[in-house]
Amino acid sequence: MNLKRYFVRALHRLQKGPGYTYKELLVWYCDNTNTHGPKRIIKEGPKKKFIWFFLTLLFASLVFWQWGILINTYLSYNVTSSLSIGFKTMKFPAVTVCNANPFKYSEVKPLLKELDKLIEAALERILQPTQGDSVLPLPLNSSDNLSQALDLRLWNQIPLVLIDEHDKDHPVIVDIFETNQTGPGNQTASPPDTSNTTSEEKKYKLAVKLCSHEGSKDCTYRNFTSAAQAVTEWYILQSTSILSKVPLQERIRMGYQAEDMILACLYGAEPCNYKNFTQIYHPDHGNCYIFNWGMDEEALNSSNPGAEFGLKLILDISQQDYIPYLSSAAGARLMLHQQKSFPFLKDQGIYAMAGTETSIGVLVDELERMGYPYSDCTMNGSDVPVKNLYSEYNTSYSIQACLRSCFQNRMVEICGCGHYMFPLPEGVNYCNNEDNPGWAYCYSSLRSSIGHRQFCIDSCKETCNDTQYKMTISMADWPSEASEDWIFHILSYERDMSTNVTLDRNGIIKLNIYFQEYNYRTISESAATTIVWLLSSLGGQFGFWMGGSVLCLIEFGEIIIDSLWITVINVIGWCKGLKQKRAQARYPDAPPTVSELVEAHTNLGFQHEDPGTLPEALPPEPGTPPPNYDSLRMRPLDGLDSDSDAE
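First residue of the sequence shown? That's 1 in full-length UniProt numbering, and the numbers climb one at a time after it.
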């Protein structure tokens, strides 16, 4: 019952308001607050009052300024990185090994026969001495049998041209297999007089001519400082068009098989062979083989650090069967990566040189990033707007897979076909010269476009958790001259069951991959600012500048609530006054009496008489007049008793 009475009284107090005016409320607050400064404003003299008012206003402004900085710092979600070192038994990384050459030349030569003839004729033209001061093309009616048998359909789709820049204002563009020289705008240009030019100025550049379609004037030229770079790039573009039409199983057959490439394998003290490797097809390197990928079985743990407890491999790269114009580097391409992740050897792989023993010591770095809102990373790629085309391999998300998938999707959207080096979306074919004559022009424009690259960078995200393998690489000649005879005899016999030596130093590679130590580094992110830091910083600034606390803020909130109640009460009072004024405007004289209201209600002909007006003479009405209710008075009982006694 007492509790109910208390709440009723509290409700009445809220309805009545604090009972102050704004000025009285402000004076009461300054006199009772625990914050330093406001008390001195109302208790000091005029001069000190002004000084204390200025100081209070100044320090209050500083507090709000510092609060703004602190809140902005907190909302920026900065992170700090910490490095910790641990010791544990670790999983051995997945090891991917490939040949630097994607296909055996003996297998793929029939497909590249016409292309090889073209490049040989082009090199003959490029390497021939210039005649006079101009560069002359190779005549097709030459006595050379190779030139007579050329099929120029491939050449006309993506030709190589010579750009003579001895006159930089008017460069001369020469198609190697045409008899006319053209300058800018496809106008015939005669060789200028270069009798006074130096040998440096007479040098020309080799470029790849890319057009939107055959015979189009919408062309671009990819210039190279070296003819070797231009020839390699041109050959890759042409071979890509040819190989894109070959079925996948046929491309796998033309590559290096595991039983031919992996001659020996040893993991720790346990022997292994090519059957312990998982085969995948990589567009850049052909058949690749992954050890300890973890797809079909549990990942292997390393029992101890050191070279004796790692992976030892002997590989045969068969350098004599390399494609001469496609692979200019010889060796094995290898990469260490996490289990169930796709190996991007072109970006993260390393080469192992033939005729050497390469030892790779591994250190592990584990990266742990904080997610949103501290960083824009993803746990598994589910929140990335790019469809992962590498999901067909059942591999985990990576930013390299996202960037390549984004590029392939953009190429399919813009060029109408997919590039041979990346997986295809469903229902799309690879680009080739016959079905897509302008694909190379479109691909080159897309690859050099900063806008398209930035679009993919903005769309993809880093992974929040990642493991990186830092490698220390050392090499030595292997086998030595003293032991190469018996080693090559044994390896040749084991591979070919032949007593003759079928291997040599140019095709043999030995690899040792091991953990240097079991110490691993963890680089983790943590929030630089927390809510506890924010509250303590806000309180520290408030206490330092104004000597306040949380209770002072509550007092300030109380005066704001009281001010709102005063405002509400004033508004209600103003509304009531406005209503009364409207009522007075309706009745400008004194309010009618009760009898007048009753008469007006019962007698429709009754009209209220204005004061000061004389009544008109009306004939008397028959009947008894109504009683005058205003004359009725309630007499007290005491008066009635005295009258009766008198009688």
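Built from N, CA and C at the ideal position, the CB exists for glycine as well. Given the structure is predicted, the values throughout are model-derived calculations rather than measurements.
### Cα-Cα separation between Asp383 and Cys377, rounded to whole angstroms
The residue labelled residue 383 in the question sits at position 383 within the sequence shown. The residue labelled residue 377 in the question sits at position 377 within the sequence shown. Taking the straight line joining both Cα atoms gives about 9 Å.
#### Entry: Bounding residues of the beta strand (DSSP E) (the contiguous stretch that carries Leu363)
Within the sequence shown, numbered from 1, the residue matching residue 363 stands at position 363. It spans 356-368 - the beta strand (DSSP E) in which Leu363 sits, taken as one unbroken run.
### Query
What separation, rounded to the nearest whole angstrom, lies between the Cα atoms of Cys460 and Tyr397?
Here residue 460 refers to the residue found at position 460 when the sequence shown is read from its first residue. Here residue 397 refers to the residue found at position 397 when the sequence shown is read from its first residue. Cα to Cα, the separation comes out at about 11 Å.
### Message
Given a cut-off of 8 Å on the beta-carbon distance, is the pair Pro437 and His166 in contact?
### Response
Along the sequence shown, read from residue 1 onward, the residue named residue 437 stands at position 437. Along the sequence shown, read from residue 1 onward, the residue named residue 166 stands at position 166. It is not a contact, given that the beta carbons lie outside the stated cut-off.
### Query
Closest by CA to Val412, which one among Cys442, Gln400, Thr395, Ala476?
Residue mapping note: residue 412 aligns to position 412 of the sequence shown, counting from 1. It is Cys442.
### Cβ shell of Ser474 (< 7 Å), same chain only, five flanking positions each side left out
Locating residue 474 in the sequence shown gives position 474, counting from the first residue. Contacts found: Ser359.
### Query
Which one of Trp293, Ile457, Leu210 has the shortest CA to CA distance from Val161?
To locate residue 161, count along the sequence shown from 1; it is residue 161. Val161 has its Cα closest to that of Leu210, out of Trp293, Ile457, Leu210.
### Message
With a threshold of 8 Å on Cβ separation, who are the neighbours of Val386 within its own chain once the five nearest residues in sequence on each side are excluded?
### Response
In the sequence shown, the residue the question calls residue 386 occupies position 386. Taken in chain order, the residues that qualify are Cys402, Ser405, Cys406, Asn409, Cys456, Ser459, Cys460.
### Query
Starting from residue 663 and walking both ways along the beta strand (DSSP E), at which residues does that stretch end?
Nothing in the structure corresponds to residue 663, since the chain is present only between 1 and 647.
#### Entry: Distance CB(Ile41)-CB(Trp52) smaller than 8 Å
For the purposes of this step, residue 41 is taken as the residue at position 41 of the sequence shown. For the purposes of this step, residue 52 is taken as the residue at position 52 of the sequence shown. Yes, these two residues count as a Cβ contact at 8 Å.
### Query
Can the beta-carbon of Ser244 be found closer than 8 Å to that of Cys98?
If you number the sequence shown from 1, residue 244 lands on position 244. If you number the sequence shown from 1, residue 98 lands on position 98. No; because the gap between Cβ atoms is not below 8 Å, this pair is not in contact.
### Message
Alpha carbons only, please: which of Phe103, Lys49, Tyr520, Ser391 is nearest the one belonging to Gln320?
### Response
Counting from one through the sequence shown, the residue named residue 320 turns up at place 320. Checked all of Phe103, Lys49, Tyr520, Ser391; the closest Cα to Gln320 is Phe103.
### Query
So Glu114 is in the alpha helix (DSSP H); what residue range does that whole segment cover?
On the sequence shown, position 114 is the one that residue 114 refers to. Glu114: member of the alpha helix (DSSP H) spanning 113-127, first to last residue.
### Task
Please classify Val571: is it buried, with 16 or more other beta-carbons within 10 angstroms of its beta-carbon, or exposed?
Stepping through the sequence shown from its first residue, residue 571 is reached at position 571. Exposed, since its Cβ has fewer than 16 Cβ neighbours within 10 Å.
### Task
Go ahead and label Gln339 buried or exposed: buried means 16 or more other beta carbons lie within 10 angstroms of its beta carbon, across all protein chains shown.
In the sequence shown, residue 339 corresponds to position 339, counting from 1. Looking at its Cβ environment, which holds 16 or more other Cβ atoms inside 10 Å, Gln339 is buried.
### Query
Does the segment 260-278 touch the segment 303-313, meaning 3 or more C-beta pairs lie closer than 8 Å?
yes
### Message
Just to confirm before moving on: does the CB-CB distance between Thr96 and Met335 stay below 8 Å?
### Response
Within the sequence shown, numbered from 1, the residue matching residue 96 stands at position 96. Within the sequence shown, numbered from 1, the residue matching residue 335 stands at position 335. Cβ distance < 8 Å, so Thr96 and Met335 count as in contact.
### Query
In its own chain, which residues sit with a C-beta less than 8 Å from the C-beta of Arg5, not counting the 5 before and 5 after it?
In the sequence shown, the residue the question calls residue 5 occupies position 5. So the list is empty, once near-sequence residues are dropped.
### Message
Given a cut-off of 8 Å on the beta-carbon distance, is the pair Phe92 and Ala299 in contact?
### Response
Locating residue 92 in the sequence shown gives position 92, counting from the first residue. Locating residue 299 in the sequence shown gives position 299, counting from the first residue. Yes, Cβ-Cβ distance for Phe92 and Ala299 is below 8 Å.
### Message
Could you compute how far the alpha carbon of Ile513 sits from the alpha carbon of Ile487?
### Response
The residue labelled residue 513 in the question sits at position 513 within the sequence shown. The residue labelled residue 487 in the question sits at position 487 within the sequence shown. Rounded to the nearest angstrom, the two C-alpha atoms are 21 Å apart.
### Task
Return the chain-ordered list of same chain residues with a C-beta closer than 8 Å to the C-beta of Lys470, the five sequence neighbours on each side being excluded.
Counted from its first residue, the sequence shown places residue 470 at position 470. Answer for Lys470: Val362, Leu363, Val364, Asp365, listed in chain order.
### Query
Taking the alpha carbon of Gln468 as the point to measure from, which residue in Lys205, Ile523, Glu250, Phe544 has its own alpha carbon closest?
Position 468 of the sequence shown, counted from the start, is the residue given in the question as residue 468. Considering only alpha carbons, the answer is Ile523.
### Query
Under a Cβ-count criterion, where at least 16 other Cβ atoms within 10 Å of its own Cβ denotes burial, should Pro159 be classed as buried or exposed?
One-based indexing of the sequence shown puts residue 159 at position 159. Classification of Pro159: buried, given that the 10 Å Cβ count is 16 or more.
### Query
Exposed or buried, what is Ser241 when buried is set at 16 or more other beta-carbons lying within 10 Å of its beta-carbon?
Locating residue 241 in the sequence shown gives position 241, where the first residue counts as 1. The residue in question, Ser241, is buried, as its Cβ has 16 or more Cβ neighbours within 10 Å.
### Query
How about the segment 537-548 and the segment 25-39: do they share at least three Cβ pairs that are nearer than 8 Å?
Counting Cβ pairs under 8 Å, three or more are found: they touch.
### Message
Taking only three categories from DSSP, how would you classify Arg222?
### Response
As a working mapping, residue 222 is identified with position 222 in the sequence shown. Reduced to three states, the DSSP call for Arg222 is strand.
### Query
Where Gly418 and Pro425 are concerned, what is the direct C-alpha to C-alpha distance, given to the nearest angstrom?
Indexing the sequence shown from 1 puts residue 418 at position 418. Indexing the sequence shown from 1 puts residue 425 at position 425. Spanning the two alpha carbons is a distance of roughly 8 Å.
### Query
Taking the continuous beta strand (DSSP E) assigned at Asp175, which residues delimit it?
Numbered from 1 along the sequence shown, position 175 holds the residue referred to as residue 175. It spans 172-175 - the beta strand (DSSP E) in which Asp175 sits, taken as one unbroken run.
### Task
Taking only runs that begin and end inside the segment 205-271, name each unbroken beta strand (DSSP E) of 3 or more residues, in chain order.
Within the segment 205-271, the complete beta strand (DSSP E) runs of at least 3 residues are 219-224, 262-267.
### Message
Please identify the residue among Tyr374, Asp496, Ala583 whose C-alpha is closest to the C-alpha of Thr530.
### Response
On the sequence shown, position 530 is the one that residue 530 refers to. Taking only the C-alpha atoms, the option nearest Thr530 is Tyr374.
### Query
By how many angstroms is the C-alpha of Gly255 removed from the C-alpha of Asn506?
Start at 1 with the first residue of the sequence shown, and residue 506 comes out as number 506. Start at 1 with the first residue of the sequence shown, and residue 255 comes out as number 255. Approximately 19 Å between the Cα atoms of the pair.
### Query
Around the Cβ of Met497, are there at least 16 other Cβ atoms within 10 angstroms (buried) or fewer (exposed)?
Against the sequence shown, residue 497 aligns to sequence position 497. By the 16-neighbour rule on beta-carbons within 10 angstroms, Met497 is exposed.
### Task
Return the chain-ordered list of same chain residues with a C-beta closer than 8 Å to the C-beta of residue 652, the five sequence neighbours on each side being excluded.
Nothing can be reported for residue 652: it is not among the residues displayed for the chain, which extend from 1 to 647.
### Message
On the criterion of 16 or more Cβ atoms from any shown chain inside 10 Å, does Thr463 qualify as buried, or is it exposed?
### Response
If you number the sequence shown from 1, residue 463 lands on position 463. Its Cβ being crowded by 16 or more others within 10 Å, Thr463 is buried.
### Query
In whole angstroms, what separates the C-alpha of Gly573 from that of Asn2?
Along the sequence shown, one-based indexing puts residue 573 at 573. Along the sequence shown, one-based indexing puts residue 2 at 2. Each residue's CA atom was taken as its position, placing Gly573 and Asn2 some 32 Å apart.
### Query
What's the call for Gln238, buried or exposed, on a 16-neighbour Cβ count within 10 Å?
In the sequence shown, the residue the question calls residue 238 occupies position 238. So Gln238 counts as buried.
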